[in-house]
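Oh and the sequence shown: position 109 is 1101 in our numbering, straight run, nothing missing. First comes the structure, then the notes that go with it.
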Amino acid sequence: MSGFRHGAGRLGDAQLNFTFDGKPMLARAGDTVASALLANGVEVVGRSFKYHRPRGVTSSGPEEAGALVTIGKGGKADPNARATMEPVTQGLEVFSQNCFPSPKFDLMSVNGLAGAILPGSLFSAGFYYKTFMWPAALWYKFYEPSIRAAAGMGVPPKVADPDIYDRIQMFCDVAVVGGGSAGLSAALSASQSGLRVVIFDEHNDLGGQLLNEANSDANADLEQWRKDTIAALDAADNVTVLARAVCWGRFDGNMLAAHQSVDGKVRQNYIKVQAKKIIIAAGAIERPLVFGNNDKPNVMLASAARRMLNHYGTATGKMLAVFTNNDSAYQTAFDYSDAGIQVSAVVDSRQYPGQALVDGCKSRGITLHTQAVVTEAKGWQAVRSIEIADLAANGQSVRNRRRVACDVLAHSGGWTPQVQMAAHGGKPPVYDKNIAAFVVGDQAPDTYSVGAAEGENGLLAGVSQAIDAAKAACAELGATAGSVIAPPQDRDGATNIVPLWSVPAKGKQLVDIQHDVTAADVVQSHSEGFVSVEHLKRYTTLGMANDQGRTSNVNALAIMAQCRGVSIAEAGTTRFRAPIAPVSMGGFAGREIGKHFKPVRRTPMQEWHEKAGAVFVQAGMYMRPQYYPQAGETIDDAYERETAHVRQKVGICDVTSLGKIEIVGPDAAEFLDRVYINMFSTLKIGKARY
């Protein structure tokens, strides 16, 4: 048990009751499942995909790849939910997943032991192409059933979802994606033009990185600015604020797609917004560092540890250590120390951090280790100490290893601008070595990227950029945007990062912690010829989990670039595709469930199929026979019997339900020759070719 309540943060005193794996727990109104679990001292939330290693809370937002849970049960069950994005409600039931019998003791963790014993073969990159090949007779009897039983994370519900979902079509002049300081400023400025404005934010509380700031007297004016700006948007008749709305895709014609979770009779709305101009203020997400056992519970992003303390009033541990290659993580150490929580060390891989940071550590009695790295997180299931060492000048070796006690490690490897929505406009991102991250290159038509999403991390600079974008967008629509009051304080966005893509260390160094992709997997992919970033992604399943590569892609691409001996810019990045976040199928269906008014089509053989006992499946508007069970047969039994019958004797397939295109004219045969692999010009009259 490490986490505990420490003050109120920005939450009220209202108490809520919820359960985790049946155990009663307390939360405060405004808590997420993640912050509430940490406040209750829960360290191990679930298990990882492949090795079944213990997993805890790693972030405070949509990038969460560790604390994946199932919310609710029965038809209301929502598997693979990110605990950081799920608000606690009265009576909420939360369940761990991908573990048996419990998160702390999981029998499938033997996978991790097997991977340690046979690291070169079992469960390494592309293992599913290379293992379980012999003896062949065991494939159908043992290998395939075992793999299928172990696959996946959460278990989908097997009964109908009783909730109602809806679909909404909206139109606006200016759409703003992101509700941080830049997004709020852009929306407020655009609203003063009289144009219709829609602003999306995936969190329940708007404010972005402002929510990381300590809720103290020193920041009272900054907090009031946040509240006043939100209140002004709520009061504007021409503004629609969509909180808890995940904007997951941009499509032709400036159409934005979002899923919004709502409280009430409708569980979720699928919203399509047709915009004339789009301002992307989606912010940036902190990257992890890659070192030994960096996936252990209580290893989390520095910004997450800071938000948990300052916004949710949850201290993530009683003794904090910080590991960083940039300036931003120092504020986490300072905030914890100022809150009376012991900070055992700040470990900085750089040789010369700024003097103000050195003085800040000294004045608080925090031990600062420069040109040093964390080589390994230690502890049975969660962090109890770290091993640190001095980093050689070339970054290839370490020396002078020693232990530092801690029960939570906050780390930061820099910040990654959220460029997905901009990239959906057809313009690939470009690498900016100044911030060691990919940023938006050429802007897509009718699009403006601002603030941290554009690589500008300074508070006032980002707000100024956002207001300029709002004015430009409104001017192109023949309107005049207004000026807004800037935040009363500034935050220097310069991180002074010195990239550190991986640490010379023992133990598994995770790059993608949900799918258990390691730095060694990336190196192995290179050695086996999978050097394209798209091949790397598919061969290792990198970035294909819930977080869609938010925390893993840049580190992995940098390691691949090092293997290839090229720059990160030359290595490139994968193509971003919608949806960029998990979305529910219920939202797409909306209220169009059950029987529809559209006609049901039946083939001329319908009566025969019915007499033969067919079980039908809907194929478009047709009812098509799926199988013909005999007494006591399951669908698998029927499939096996019918397959054997067709192979040994003969079968007839009714393909009436397939589409038909009639082509006529003197060149019909020549045309078909050009569009099909088979030759149709040589087909004789009275014959058919499928």
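Here a beta-carbon is modelled for each residue, glycine too, at the ideal position from N, C-alpha and C.
{"Item": "Gln1082 - partner residues in DSSP beta bridges", "Value": "Paired residues: none, contrary to the question."}
{"Item": "Chain-order list of residues whose beta-carbon lies under 8 Å from that of Gly1418 (same chain, five-residue window excluded)", "Value": "Ala1436"}
{"Item": "Cβ shell of Asp1424 (< 8 Å), same chain only, five flanking positions each side left out", "Value": "Phe1430, Val1431 and Gly1447"}
{"Item": "Burial state of Gly1683 (16 or more Cβ within 10 Å)", "Value": "The question about residue 1683 has no answer here: the residues shown for the chain are numbered 993 through 1682."}
{"Item": "Three-state secondary structure (DSSP) of Ala1402", "Value": "strand"}
{"Item": "Contiguous alpha helix (DSSP H) assignments of at least 4 residues, all confined to the segment 1439-1479", "Value": "1451-1468"}
{"Item": "Within the segment 1584-1667, ranges of the alpha helix (DSSP H) (whole runs, at least 4 residues)", "Value": "1598-1603, 1627-1640 and 1660-1667"}
{"Item": "Straight-line gap, Ala1478 to Leu1214 (C-alpha atoms, nearest Å)", "Value": "10 Å"}
{"Item": "Sub-8 Å separation of Ala1237 and Ala1174 beta-carbons", "Value": "no"}
{"Item": "Trp1217, enclosing alpha helix (DSSP H) - first and last residue", "Value": "Ala1212 to Ala1227"}
{"Item": "Cα-Cα separation between Asn1318 and Ala1486, rounded to whole angstroms", "Value": "9 Å"}
{"Item": "Span of the beta strand (DSSP E) around Gly1241", "Value": "Ala1237 to Phe1243"}
{"Item": "With 16 other Cβ atoms within 10 Å as the buried cut-off, status of Ile1277", "Value": "buried"}
{"Item": "Range of the contiguous beta strand (DSSP E) that encloses Phe1430", "Value": "Ala1429 to Val1431"}
{"Item": "Within 8 Å, strictly: CB atoms of Leu1203 and Asp1209", "Value": "no"}
{"Item": "For Phe1010, the residue or residues it bridges with in DSSP", "Value": "Met1017 and Leu1084"}
{"Item": "Extent of the continuous alpha helix (DSSP H) run through Ala1561", "Value": "Ile1560 to Ala1563"}
{"Item": "Boundaries (first-last residue) of the alpha helix (DSSP H) holding Ala1325", "Value": "Tyr1322 to Asp1330"}
{"Item": "Test: Arg1259 CB closer than 8 Å to a CB of chain C", "Value": "Within the model displayed, chain C is absent; a lone protein chain is all it includes."}
{"Item": "Beta-carbon gap between Thr1081 and Pro1071 smaller than 8 Å", "Value": "no"}
{"Item": "Cα-Cα separation, Ser1116 to Asp1513", "Value": "6 Å"}
{"Item": "Three-state secondary structure assigned by DSSP to Pro1137", "Value": "helix"}
{"Item": "Residues that Ile1277 bridges to, as DSSP identifies them", "Value": "Thr1408"}
{"Item": "Touching by the beta-carbon criterion (3+ pairs, under 8 Å), the segment 1120-1134 and the segment 1517-1527", "Value": "no"}
{"Item": "Three-way DSSP call (helix, strand, coil) for Leu1248 in this model", "Value": "strand"}
{"Item": "Classification of Gly1541 by the beta-carbon crowding that lies within 10 angstroms, buried from 16 upward", "Value": "buried"}
{"Item": "C-beta contact flag for Ala1537 and Ala1057 at 8 Å", "Value": "yes"}
{"Item": "Endpoints, alpha helix (DSSP H) assigned at Tyr1120", "Value": "Phe1119 to Lys1122"}
{"Item": "Selection from Asn1386, Ala1374 and Lys1354 that minimises the alpha carbon distance to Ala1364", "Value": "Asn1386"}
{"Item": "Backbone secondary structure at Ser1253 - three-state DSSP", "Value": "strand"}
{"Item": "Helix, strand or coil at Gln1334 according to DSSP, with G and I counted as helix", "Value": "strand"}
{"Item": "Residue range of the alpha helix (DSSP H) that includes Asn1392", "Value": "Here Asn1392 belongs to no alpha helix (DSSP H); instead the beta strand (DSSP E) covers Val1390 to Ala1397."}
{"Item": "Inter-residue spacing [alpha-carbon to alpha-carbon] between Asp1244 and Gln1501", "Value": "40 Å"}
{"Item": "Of the residues Arg1020, Arg1633 and Ser1673, the one placed nearest Ala1623, counting alpha carbons only", "Value": "Arg1633"}
{"Item": "Beta bridge counterpart(s) of Ser1377 as assigned by DSSP", "Value": "Lys1370 and Ala1397"}
{"Item": "Contact check, Leu1534 vs Val1503, beta carbons under 8 Å", "Value": "yes"}
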